[in-house]
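> Numbering-wise (numbering that gives the first Met the number 0), the sequence shown opens with residue 0 and increments by one. Below: one structure in structure tokens.
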Amino acid sequence: MNCIRIVLGGNRLLKKFALIIVLMVLAINIFSMSALAAEKEDKQVILVLIDKITWEDIAQARAPFIKKLVREGGAGLLSNHTASAVVNTPRAYLTVGSGNRSFSKGNSGFALNSKEKYNRETGDVLFRRYTGFNPGRSEVFYLNLAGLKRANAKVGYTVIPGILGSVLHKYRLKTAVLGNADFDLTQSYQRQAAIIAMDENGVVNYGDVSRKTLSEKVLSPFGLETNYPLLLRKFNRFKDKVSLTVFETGDSRRADRFQKSATTSMYKKYKLAAIARADEFLRKLSSSVEPSKTMVIIASPSPPTDEDGRIKRELTPIIIKGPDFKGGFLTSGSTRRQALVTSTDILPTILDFLALPTPYYINGRPMQSKPTSKNKIDFLRESNQSYIIVKQLMVPIVVTYVVLHIIILLLAVLILSAGSKITKTRFAVISSLLLAILALPLGLIAAPLFQENVSSPVIYLLSILAVVGFVVLGSRLVGGQKFRPLLLISAVTVLFIWINISLFGSASDLKSIFGYSPITAGRFYGLGNQQMSVLVAAALIAASLFMENLKRMTVGAKVATLLFFLVNLFIVGAPELGANTGGIITAVVGFTVASIYYFRGAFHQKQIIIVILGIVIFLSIFIAIDYYLLPVKTHMAGNIVQLVKGGMPKFWQIANRKLSANIRIFKYTSWSYLFLTIVIILSFLRFAKPITRQQEFLKKYKYLSAGLTAGLIAGVVGAISNDSGISITAIILAYFLAVIFYIEIYERYERQNSQDI
0 MNCIRIVLGG NRLLKKFALI IVLMVLAINI FSMSALAAEK EDKQVILVLI DKITWEDIAQ
60 ARAPFIKKLV REGGAGLLSN HTASAVVNTP RAYLTVGSGN RSFSKGNSGF ALNSKEKYNR
120 ETGDVLFRRY TGFNPGRSEV FYLNLAGLKR ANAKVGYTVI PGILGSVLHK YRLKTAVLGN
180 ADFDLTQSYQ RQAAIIAMDE NGVVNYGDVS RKTLSEKVLS PFGLETNYPL LLRKFNRFKD
240 KVSLTVFETG DSRRADRFQK SATTSMYKKY KLAAIARADE FLRKLSSSVE PSKTMVIIAS
300 PSPPTDEDGR IKRELTPIII KGPDFKGGFL TSGSTRRQAL VTSTDILPTI LDFLALPTPY
360 YINGRPMQSK PTSKNKIDFL RESNQSYIIV KQLMVPIVVT YVVLHIIILL LAVLILSAGS
420 KITKTRFAVI SSLLLAILAL PLGLIAAPLF QENVSSPVIY LLSILAVVGF VVLGSRLVGG
480 QKFRPLLLIS AVTVLFIWIN ISLFGSASDL KSIFGYSPIT AGRFYGLGNQ QMSVLVAAAL
540 IAASLFMENL KRMTVGAKVA TLLFFLVNLF IVGAPELGAN TGGIITAVVG FTVASIYYFR
600 GAFHQKQIII VILGIVIFLS IFIAIDYYLL PVKTHMAGNI VQLVKGGMPK FWQIANRKLS
660 ANIRIFKYTS WSYLFLTIVI ILSFLRFAKP ITRQQEFLKK YKYLSAGLTA GLIAGVVGAI
720 SNDSGISITA IILAYFLAVI FYIEIYERYE RQNSQDI
């Protein structure tokens, strides 16, 4: 008001007019806020948990209503990865409720109704004893909140159990939970659904998780089944008061647990019966809600177990029906993939529908539904099976890759160290083997293009061998010059990666050994660390050999080389293509060091400033594009937001996580053996091979030597700046060693032939 007086001076008419305008603005704001609050209260989300099932189970079950929802709503595969490789139900449910991959242990299903007794004490009394918090009139309490918080204190990022419920409660919206998956009528509580609906204090406003939600039935797993009529009556009592209701159907979990005691046929019967009963419940539930204001999510947060009780590693079903989900496949900003979303996407999807803000530290992104003409259930079944097969092949193929590299590199060292003549046959064999291990990464990346779905491991392996064989044969046919086969393989590898990611979004990478498995869910788009390493190594080799072939250094050659490196940097780091942050750092270091050696001939301490400046410039450009221009942010922009808001503690949290991951991976991955073998080979060549011969090679091939130095430095930086860094170092150095050994063996064979003549 003082501002109005100052501006308008003594004009009373203008003062009154301004006052009216201010009051109108205030009224409009108040009305808008009231309307927004009313809209939030009017909408509701229903999350129905049918855990431990697959799309194969849904296809086989008598579930007409669920199949109708699949046709009319959005459907997809749920990547259910948690903070542990073992994805059990408690960790999966907590991941859904916290929006970040979570961990749990101990009595994770300990939830009680307010007046339900446990050891002669009621739930509300125990809750106040454990937490010191007055729950008021709330009906359900989670009683192991302290255990969840302790279990997630050291995962390396922010996990807040109950954050979903807390956001709703902050805006005066209510939550509810109904049902349980208890296995018996003693004290084996399996009530983890409360973890999703609770707030940070462990409170759920409405619901029932007690024994009353179960009915005794002799011929059901553990003699129990969910009392769906009771759940519907309870829901209808408070449905107009709540914005989020979580239903635990329970029967599918009991069937899965009972598998060890039942025959295979009976287990299958129980599992399909559980889905059929849930289907009928969903049909009745849908008739009691307003479709235009309700979003129904049906999810299986964790995969089933086998008959020995081991948890299977596969993707699970998710279905969403609501105003914004009217057919098609589900996707999200987390995956950018057709028919694929993550457990961490469920929380932001719920908050987005309710028009509530998502906390900045949540990694998930809201889901959307994209139209499709495919048969959804068949496609999802086949895709899941493809991912399972590729996941099963990953370890043995990577081990084979490592072993082949070790054997062939050691064989090359043996041939070069021996004084005996290299025969034509011996040369043909060792040179072909060296070309084969250079072509193998391309084979691992390109093989999935030959088949939409991987249905047979044999066909998949034959596809890899076919690509490698074709590339090696083509490289041998160009002949006539020692650099041509190497230049062809490296250039084709770089070109394929460019085309694959820029034109097709690396669609084949989800089923590639050098891609990323949606089951382990390290990443879903952009270049993964292994493929990034191949690109950096192949690009450095291609550029070095190109420079070696030049008669003289020209301005055009310099410009062409720099543009070539810039395109590779774009492919690695562009946010629209995936934004591999650690990859940007690795590539900038490698390409900048190589350029300095190419054009300046030496690398001095002051050049370090140029490298650091290059990293800062490219990261800043990509981060700015990511943060300000892209509608869906990548994890790179998300990490920056977390660093800005979390400060130095967040920086050290991320750094510690990367260090811990590298130490853990180094101890257990087969890449460590390849890395150690390369270190031994380099040490042997340094101390056992005459220095003069090394110096002669370095002088003769100064650009190749520059590329090797750049690759070595990039490999070290990559190991530091990436979670799986040891694989980066091993892949880059193995690539260079194979090239150098090929050249040396070629020259030795050429000299011997000329002497014979």
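Glycine included, C-beta positions come from ideal geometry on N, C-alpha and C. Model, not experiment: these values are computed from the prediction.
Any idea if MET32 is buried or exposed, counting beta-carbon neighbours within 10 angstroms, 16 or more meaning buried?
In this prediction, MET32 has a pLDDT of 42, which is less than 50 and means its spatial position is unreliable; nothing more can be read from the coordinates.
> Just to check my reading of the structure: ILE679 and LEU736 have Cβ atoms closer than 8 Å, yes? What is that Cβ distance to the nearest angstrom?
Not a contact, Cβ separation roughly 11 Å.
> Rank PRO447, LEU48 and ILE429 by C-alpha distance to the C-alpha of GLU743 and give the top, closest one.
For GLU743, the nearest C-alpha among the options comes from ILE429.
> Report all residues from its chain with a CB closer than 7 Å to the CB of ASN579; omit the five preceding and five following residues, and keep chain order.
GLY525, LEU526, MET531, VAL571 and GLY572.
> What is the DSSP secondary structure of GLN337, reduced to helix, strand or coil?
Of the three classes helix, strand and coil, the one that applies to GLN337 here is coil, per DSSP.
> If you run the structure through DSSP and keep just helix, strand and coil, what is GLN191?
DSSP places GLN191 in coil when its eight states are reduced to three.
> How is the beta strand (DSSP E) around LYS320 delimited, first residue to last?
LYS320 -> beta strand (DSSP E) spans 315-320.
> Between the beta-carbon of LYS216 and the beta-carbon of LEU223, is there less than 9 Å?
Yes, they are a contact pair.
> Going by other Cβ atoms of all chains shown within 10 Å of its Cβ, with 16 needed for buried, is VAL85 buried or exposed?
VAL85 is exposed by the Cβ-count criterion.
> Rounded to a whole number of angstroms, what is the C-alpha to C-alpha distance between SER757 and VAL412?
Because the chain in this structure spans residues 0 to 756, residue 757 falls outside the shown range and cannot be described.
> Can you tell me the Cα-Cα spacing of PHE495 and VAL467, whole angstroms?
Looking at the two C-alpha atoms, the distance is approximately 14 Å.
> Name, in chain order, the residues that DSSP records as bridge partners for ILE611.
ILE611 pairs with nothing; no bridge assigned.
> Once the 5 residues before and after ASN362 are set aside, which same chain residues still bring their CB inside 6 Å of it?
The answer, listed in chain order, is ASN99 and THR343.
> From what residue to what residue does the beta strand (DSSP E) around SER761 run?
Absent from the model: residue 761. The displayed extent of the chain is 0 to 756, so no value can be given.
> Should SER264 be labelled buried (16 or more other beta-carbon atoms within 10 Å of its own) or exposed?
Counting Cβ neighbours within 10 Å, SER264 comes out exposed, since fewer than 16 surround it.
> Roughly how many whole angstroms lie between the Cα atoms of ALA542 and THR492?
Cα to Cα, the separation comes out at about 13 Å.
> Looking at GLY706: is its Cβ nearer than 9 Å to the Cβ of THR728?
It is not a contact, given that the beta carbons lie outside the stated cut-off.
> Compare the Cα-Cα distances from LEU292 to each of ALA145, LEU230, ILE45 and GLY589 and report the closest residue.
According to the sequence displayed, residue 292 carries Lys and not Leu. Answer by Cα proximity: ILE45.
> Helix, strand or coil, according to DSSP, for ALA417 in the structure here?
ALA417 falls in the coil class under three-state DSSP.
> Pick helix, strand or coil for VAL44, following the three-state DSSP scheme.
In this structure, VAL44 counts as strand in the three-state DSSP scheme.
> Taking only three categories from DSSP, how would you classify ASP50?
Of the three classes helix, strand and coil, the one that applies to ASP50 here is coil, per DSSP.
> Using the rule of at least 16 other Cβ atoms within 10 Å of the residue's Cβ for burial, across every protein chain shown, is GLY73 buried or exposed?
Classification for GLY73: buried.
> When you compare only the Cα positions, how much space is there between VAL738 and GLN337?
Approximately 38 Å between the Cα atoms of the pair.
> To the nearest angstrom, how far is it from the Cα of THR422 to the Cα of GLU575?
Each residue's alpha carbon lies about 51 Å from the other.
> Under 8 Å: do the segment 589-600 and the segment 552-563 share three or more Cβ pairs, one atom per stretch?
In short, these stretches touch, since the Cβ pair count reaches three.
> Please report the distance separating the alpha-carbon of LEU314 from that of ASN133.
Going by the C-alpha atoms only, they are around 40 Å apart.
> List the DSSP bridge partners of ILE296.
Paired residue(s): LEU46 and ILE319.
> Between the alpha carbons of PHE449 and PRO220, how many angstroms are there, rounded?
Those two C-alpha atoms are separated by around 44 Å.
> To which residues of the same chain is ASP183 closer than 7 Å at the C-beta, ignoring the five residues directly before and after it?
PHE221, listed in sequence order.
> Could you give the uninterrupted runs of the alpha helix (DSSP H) lying entirely in the segment 185-254, keeping only those of 4 residues or more?
Qualifying alpha helix (DSSP H) stretches, in chain order: 192-196 and 227-237.
> Considering just the uninterrupted stretch of the beta strand (DSSP E) at TYR141, what are its terminal residues?
Looking at the DSSP string, the run of the beta strand (DSSP E) that includes TYR141 is 139-141.
> Does the Cβ of GLU138 have 16 or more other Cβ atoms within 10 Å, making it buried, or fewer, making it exposed?
Classification for GLU138: buried.
> Can you give me the start and stop residues for the alpha helix (DSSP H) that GLY468 sits inside?
First-last of the alpha helix (DSSP H) with GLY468: 456-477.
> Between which two residues does the beta strand (DSSP E) carrying GLN367 extend?
Residues 366-369.
> In or out: LEU502 buried (at least 16 other Cβ within 10 Å) or exposed?
So LEU502 ends up on the exposed side.
> Determine the contact status of PHE237 and MET197, defining contact as a CB-CB distance below 9 Å.
It is not a contact, given that the beta carbons lie outside the stated cut-off.
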